[in-house]
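Q:
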């Protein structure tokens, strides 16, 4: 049962990672990446690593996400997407 | 107690970290004097350590007192002490040069960045732990990228960004290798791994070693991973180019060598022909591009691509107690000193003529004779003429190749030397023979000319003091 | 990059993943049992939480260098930041955000203090506490109470580098014990707490700096973001 | 299969995805995302593989904490460089 949850979480990780690279919209890519970071925090909790879970949520998803969103404003609007 | 407190080994890491952060604290481009003083002490410490290691053999410093595998070990053996000596010997004259250079070209962040860069190099050469090496690698990369970008010119920021992305990808591959090794063996200590890996490593170890090797080669800019180097090294301010070309790319070469001699010795034979072939390709392609470029510093940067190739020729010839290892370290030394001298000289030439092309050099020999002499001396080392360190390195390589009947490498070594002669003479011909092209001429501080000369002279003279160097390398590997 | 080359890259990545998965699946247990070694030495490490013990004692040297990595990133960013692109003065934010900040920031500072203290016994420590402090600083910036940093003052620089210098000084002073960072077991707990306290403050400032050096004027409209991607 | 091994395999897939992304994508921001995926993959392998027997191992956990901080530092520097280029009108995002 719990392994089924882990398998679902693994799939969600891979899907969000893939979308953050493949989705044509840059803003959506960054949002997917933040989702990926939060899922990673969940994975760390499942791996009995609460310290990493805390750091991943705060630094990996939070700070990196804030930096990326802020950067989007700087050069996001002037360009189109990228092929995956 | 006093003994351990005065041990030079940990201070080689503490000192540059300390003066780098103090330089950041005082800010506003100051900190040059601090750096020169710190580096003078570091050079003395490296010499003391070399004498101690020669007398007492290799030694381990267990950080935290735990010892591997729980803690992190620092290891000073002949190879690491040789690299430490090279680092301090190149950095001290360059710091004197940089103080004068940045009085001409305003710059505020050079000193803290350079301090962290040197701390990273010293820490890397002493580390005997795969994960700790990863941290030192990242420290080194970020410092190098910061130095490339610091001028803020678009071309430099662009080169720095490319360099950073290559570097981060390479670190990622290396880190994956470390993760696999920890998973397989439960330790990341070099000394602990060596007996565990054994003579016939499993698939996971081969993959890990492959990923780590690929990452390190990309950071060393070995052909075909050289694409980022000319822009990053050629466009940076002269003292930065000198640090990067003389030292930074050597650090990852050192890691490849350290791993090939240590835990992954069983796999080194399989990779050796490939490394040798890439080295040969680097020599030919790099020399050719150096010969065909029109910019002084691009020429010197492409020459680095070529000279890095020689370092990798040692792998197919590597055998215990053979000449190849000595050749490799001598080449690292000779090229480090000569290339630092060449970039320093190129910086003087560009500042004094105000131009960055070979054409701009016409007739400059009469204006800055010391600098031209330094450039020529460094050229002697790159060509491999006696009695220079470069000659000795190439001689040892040829000796090793002949001993093992591998004639092909001899041709590459000699051909590379001829190409080097061609591009060095191209510069000298412009400077000496042609009539002055420009009436504008900017006077540069003497300290710059003489520090370039000192480096160049050292690159030639180490050929004469090779006995001591060989004795140092004779210090057995590990404790 | 042309299509065959792209295909080759994808093929290579798939092959690599396949090989790695194969290698990982039939892996025997590791020869060295480090968790046991950690547990054995935990009582002399000065803290009760194993991850903190590894981070600040057994492998504290990694952590020392890692703080230098963070400082370096900030140094590089300051070197390339364009002074005119950074908002020098905090802009007026809406009152709701200001109110939120004035309530949340004291709570966040409390939380950081708790995390710092808790790290000795359970999950938490300087990194998490520093991250919370950084988040508080970012919130203050968004609320218009804290300006972006173009060129940090001497005091700010002292705050940024102070934690690192304390760590370095302790590491060097402990050479008298026989090795870099060799804590005497009787004082290990106090020294680690001293280092962590310094690190919490400096990490908070550095992590905040990574954001605040980049922070640009919030004025620029983000028109056209939604229409990107038609390449 | 243990959770540790499952997450290690996930990490391998993330690493390969990120590696392909860094090489194939052209926008700087995407390549920064891709490099972060590589890092996350390596972190998962580091902890997952070490804990494949179900025993918690604090050593790789501490290493990953170090790695996360290094990754955010690198990301911030890369973004700063990319933004400087964008502000000078030389960058394509």
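Residue numbers (the numbering used here), protein chains in the order written: chain A, 677 to 760; chain B, 9 to 487; chain C, -14 to 216; chain D, 109 to 201.
Here a beta-carbon is modelled for each residue, glycine too, at the ideal position from N, C-alpha and C.
Which residues of the stretch 170 to 194 of chain D have a Cβ closer than 8 Å to any Cβ of chain B? Give them in chain order.
A: 171, 174, 175, 178, 181, 182, 185, 186, 189, 190, 192 and 193
Q: Need the endpoints of the beta strand (DSSP E) that residue 70/B sits in, please.
A: For the purposes of this step, residue 70/B is taken as residue 62 along the second chain, with counting starting at 1. It spans 67 to 71 - the beta strand (DSSP E) in which residue 70/B sits, taken as one unbroken run.
Q: Is there a Cβ from chain C that is less than 7 Å from the Cβ of residue 140/D?
A: In the fourth chain, counting from the first residue as 1, residue 140/D sits at position 32. It does not; no Cβ of chain C falls within 7 Å.
Q: Can you find a C-beta in chain C that's less than 7 Å from the C-beta of residue 111/D?
A: Start at 1 with the first residue of the fourth chain, and residue 111/D comes out as number 3. Chain C, which has no Cβ nearer than 7 Å to the Cβ of residue 111/D, makes this no.
Q: Let's see if you can read the secondary structure: which residues bound the beta strand (DSSP E) around residue 80/B?
A: Residue 80/B sits at position 72 when you count from the first residue of the second chain. Start and end: 80 to 84.
Q: Assuming residue 710/A contacts residue 173/D (C-beta within less than 8 Å), just tell me the rounded distance between them.
A: As a working mapping, residue 710/A is identified with position 34 in the first chain. As a working mapping, residue 173/D is identified with position 65 in the fourth chain. Actually they are not in contact, since the Cβ atoms of residue 710/A and residue 173/D sit about 20 Å apart, beyond 8 Å.
Q: Excluding the 5 residues flanking residue -8/C on each side, which residues of the same chain have their C-beta closer than 6 Å to its C-beta?
A: Working through the third chain from its first residue, we reach residue -8/C at position 7. Cβ neighbours of residue -8/C beyond the five flanking positions: none.
Q: So which of 185/C, 138/C and 119/C has the shortest CA-CA distance to residue 197/C?
A: The residue labelled residue 197/C in the question sits at position 212 within the third chain. Ranking 185/C, 138/C and 119/C by Cα distance to residue 197/C puts 119/C first.
Q: Which complete alpha helix (DSSP H) runs does the stretch 399 to 466 of chain B hold, if anything under 4 residues is left out?
A: 415 to 441
Q: Starting from residue 339/B, trace the alpha helix (DSSP H) in both directions and tell me its first and last residue.
A: Stepping through the second chain from its first residue, residue 339/B is reached at position 331. Unbroken alpha helix (DSSP H) run through residue 339/B: 331 to 361.
Q: With burial defined as no fewer than 16 other Cβ atoms inside 10 Å of the residue's Cβ, what is the status of residue 51/C: buried or exposed?
A: The residue labelled residue 51/C in the question sits at position 66 within the third chain. Label assigned to residue 51/C: buried.
Q: Have a look at residue 163/B and residue 243/B and give me their C-alpha separation to the nearest angstrom.
A: The residue labelled residue 163/B in the question sits at position 155 within the second chain. The residue labelled residue 243/B in the question sits at position 235 within the second chain. Their Cα atoms are separated by approximately 8 Å.
Q: Comparing the C-beta of residue 731/A with each C-beta of chain C, is any distance below 7 Å?
A: Your numbering for residue 731/A matches position 55 in the first chain. Closer than 7 Å: yes.
Q: Measure the alpha-carbon distance for residue 344/B versus residue 292/B and round it to whole angstroms.
A: Here residue 344/B is taken as the residue at index 336 of the second chain, counted from 1. Here residue 292/B is taken as the residue at index 284 of the second chain, counted from 1. If I take the Cα positions, the gap works out to 20 Å.
Q: If you draw a straight line from the alpha carbon of residue 149/D to that of residue 163/C, how long is it in whole angstroms?
A: Here residue 149/D refers to the residue found at position 41 of the fourth chain. Here residue 163/C refers to the residue found at position 178 of the third chain. In a straight line, the C-alpha of residue 149/D is about 38 Å away from that of residue 163/C.
Q: Does the distance between the C-beta of residue 134/B and the nearest non-hydrogen atom of the ligand NAP fall short of 6 Å?
A: In the structure on display, the ligand NAP does not appear, and there are no ligands present to speak of.
Q: Can you grab the Cα-Cα spacing for the pair residue 110/C / residue 116/B, in whole Å?
A: Locating residue 110/C in the third chain gives position 125, where the first residue counts as 1. Locating residue 116/B in the second chain gives position 108, where the first residue counts as 1. Going by the C-alpha atoms only, they are around 34 Å apart.
Q: So, with DSSP's three-state summary, where would you put residue 137/B?
A: Position 129 of the second chain, counting from 1, holds the residue named residue 137/B. Residue 137/B falls in the strand class under three-state DSSP.
Q: Got a sec? Which residues, its chain only, sit under 8 Å from residue 73/C by beta carbon, not counting five neighbours each side?
A: Counted from its first residue, the third chain places residue 73/C at position 88. Its pLDDT being 49, under 50, residue 73/C is placed unreliably in this model, and the coordinates cannot settle the point.
Q: Note the first and the last residue of the continuous alpha helix (DSSP H) segment covering residue 394/B.
A: Taking the second chain and counting its residues from 1, one reaches residue 394/B at position 386. That residue, residue 394/B, is in no alpha helix (DSSP H); it is neither H nor E in DSSP.
Q: Apart from the five residues just before and just after residue 126/D, which ones in its own chain have a Cβ nearer than 7 Å to its Cβ?
A: Taking the fourth chain and counting its residues from 1, the one referred to as residue 126/D is at position 18. Once the five neighbours on either side are set aside, the close Cβ partners of residue 126/D are 142, 143, 145, 146 and 149.
Q: Count Cβ pairs between the stretch 138 to 150 of chain C and the stretch 42 to 61 of chain B that sit closer than 8 Å; are there 3 or more?
A: no
Q: Closer than 8 Å by C-beta to residue 716/A: which residues in its own chain qualify, once you throw out the five before and the five after it? Chain order, please.
A: Translated into positions along the first chain, residue 716/A becomes position 40. Correct list, in chain order: 689, 732, 736 and 737.
Q: At a Cβ cut of 7 Å, what residues of the stretch 135 to 149 of chain B count as close to chain D, listed as they run along the chain?
A: 139, 143 and 146: these are the residues of the stretch 135 to 149 of chain B whose beta carbon lies less than 7 Å from some beta carbon of chain D, given in chain order.
Q: Which of the three DSSP states, helix, strand or coil, is assigned to residue 303/B?
A: Along the second chain, read from residue 1 onward, the residue named residue 303/B stands at position 295. Strand.
Q: Can you pull the chain C neighbours of residue 724/A, defined as C-beta to C-beta under 7 Å?
A: Position 48 of the first chain holds residue 724/A. Within chain C, no residue comes near residue 724/A; the closest Cβ sits about 10 Å away, beyond 7 Å.
Q: How about residue 138/D and residue 173/B: are their beta carbons less than 7 Å apart?
A: Residue numbering aside, residue 138/D sits at position 30 when the fourth chain is read from its first letter. Residue numbering aside, residue 173/B sits at position 165 when the second chain is read from its first letter. Cβ distance not < 7 Å, so residue 138/D and residue 173/B don't count as in contact.
Q: List the DSSP bridge partners of residue 185/C.
A: Mapped onto the third chain, residue 185/C falls at position 200. None, per the DSSP bridge assignment.
Q: So with CB distances below 8 Å, who are the chain A contacts of residue 121/D?
A: In the fourth chain, counting from the first residue as 1, residue 121/D sits at position 13. The answer, in chain order, is 690.
Q: Is the Cβ-Cβ distance between residue 66/B and residue 17/B less than 7 Å?
A: Here residue 66/B corresponds to residue number 58 of the second chain, with the count starting at 1. Here residue 17/B corresponds to residue number 9 of the second chain, with the count starting at 1. Their beta carbons are not under 7 Å apart, which means residue 66/B does not touch residue 17/B by this criterion.
Q: Taking a cut of 8 Å between CB atoms, which residues from the stretch 157 to 188 of chain C lie near chain B?
A: For chain B, the residues of the stretch 157 to 188 of chain C that bring a beta carbon within less than 8 Å of one of its beta carbons are 157, 160, 161, 162, 163, 164, 165, 166, 167 and 168, in chain order.
Q: Beta-carbon of residue 112/C versus every beta-carbon of chain A: anything under 7 Å?
A: Start at 1 with the first residue of the third chain, and residue 112/C comes out as number 127. Answer yes: the Cβ-Cβ gap between residue 112/C and chain A drops below 7 Å somewhere.
Q: Quick check: the Cα distance between residue 755/A and residue 744/A, rounded to an integer number of angstroms?
A: Residue numbering aside, residue 755/A sits at position 79 when the first chain is read from its first letter. Residue numbering aside, residue 744/A sits at position 68 when the first chain is read from its first letter. Unreliable placement is indicated for residue 755/A, whose pLDDT of 48 sits below 50; no coordinate value is reported for it.
Q: For residue 197/B, name the three-state secondary structure that DSSP assigns.
A: Counted from its first residue, the second chain places residue 197/B at position 189. Three-state result, residue 197/B: strand.
Q: Between residue 195/C and residue -14/C, how many whole angstroms is the CB-CB distance? I'm expecting something under 8 Å.
A: Against the third chain, residue 195/C aligns to sequence position 210. Against the third chain, residue -14/C aligns to sequence position 1. Not really, about 32 Å apart at Cβ, beyond 8 Å.
Q: What does the Cβ neighbour count give for residue 171/D, buried or exposed, with the cut at 16 atoms within 10 Å?
A: Here the question's residue 171/D lines up with position 63 in the fourth chain. A residue is called buried when at least 16 other Cβ atoms come within 10 angstroms of its Cβ; residue 171/D meets this threshold and is buried.
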